[in-house]
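Novice:
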Amino acid sequence: MSQTAPAAFKPTRWSLVLQSQGQDERAKRALEELCAAYWFPLYAWSRRCGATPGDAEDYVQGFFVQVLQKQLFAAANPELGKLRTFMLTAFRRHVNDEQRKESRQKRGGGQIVSFDATEAEAWYEVGQIEGESADHLFDRQWALTVLDLAMAKLEQHAAAKGKTAEFALLRPFLTGEADAADYEKAGREAGMSANTFKVAVHRLRARFREALRREVAETQPADANVDEEMGYLIRVLR
């Protein structure tokens, strides 16, 4: 892999919010990408606040329906703060509005986010930490989402260079500890010496840090301290 992050790592998160303000295909695609990336932190927040699995699904689906039909993001301004804060604030208002209504849209109607409710609940149950607040859970799931997005971009870049198999061998070493025997075994599978494989891991870790930093930057105001947000997300995961 090259020493510099690929040009494909361009700002998208805040621009997706802005692009989602409309009824054309471009807006639809932008909204779909936002939904796919960030629905689970919203679902987890709802559940931690006491919503049933069915109600949490309704809140998430209804939120993105409102985004699409009523231009809920029309007032979004990337200069005013973090995308993470903006998204939760907008969702919290939506949930409060829904809870004040005497009746809500029936489950399954007007679905925007495509997800398996049973699987979502399984993720929620596995990921719970006793005593964790709803807001902290949201931030933690947000951090995991950002990590996943950065990892996905690295994987896409590797696939484009025909290195999918090599990436699969390197990936477990990104965050886990390893000894000489681990490097030697994986190196043999990759057709490398242990030292060469270790250098490849070091380079991939550098690429991952850069991809993660870019992903975090895309959710921040232009003049924000990206390192501060990265530090916060890492602390949340710990």
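Reading the sequence shown from the start, the letters are residues 224 to 461 in this note's numbering.
Cβ coordinates follow ideal geometry from the N, Cα and C atoms, glycine included.
In this text, all values refer to a predicted model and were calculated from it rather than measured experimentally.
1. Just to confirm, are V439 and L397 a CB contact at a threshold of 9 Å?
2. Kindly indicate which three-state DSSP category K376 falls into: helix, strand or coil?
3. When the distance is taken between beta carbons, is F287 closer than 9 Å to L254?
4. Can you tell me where the alpha helix (DSSP H) holding P276 begins and where it ends?
5. Taking the alpha helix (DSSP H) that P444 belongs to, which residues open and close that run?
6. I'd like the span of the alpha helix (DSSP H) that includes E451, first residue to last.
7. CA-CA distance, D320 and E433?
8. In chain order, what are the residue ranges of uninterrupted alpha helix (DSSP H) at least 4 long that sit wholly in the segment 340–409?
9. Which residues bound the alpha helix (DSSP H) around D320?
10. Between the segment 448–460 and the segment 361–374, do at least 3 Cβ pairs fall closer than 8 Å?
11. I'd like the span of the alpha helix (DSSP H) that includes S269, first residue to last.
12. For F306 and Q443, what's the separation of their Cα atoms in angstroms?
13. Relative to the alpha-carbon of A267, which residue among A357, D450, M374, T387 has its alpha-carbon at the smallest distance?
Specialist: Reading from the atomic positions:
1. no
2. helix
3. yes
4. 276–292
5. Counting along the chain, P444 falls outside any alpha helix (DSSP H), and DSSP gives it neither H nor E.
6. Counting along the chain, E451 sits inside the alpha helix (DSSP H) bounded by residues 449–460.
7. The straight-line gap from Cα to Cα measures roughly 39 Å.
8. Entirely contained in the segment 340–409, the alpha helix (DSSP H) runs reaching 4 residues are, in chain order, 340–350, 357–383, 387–393.
9. 306–323
10. In short, these stretches touch, since the Cβ pair count reaches three.
11. 248–271
12. This sequence places Leu at residue 306; Phe is not what is there. Cα to Cα, L306 sits roughly 6 Å from Q443.
13. A357
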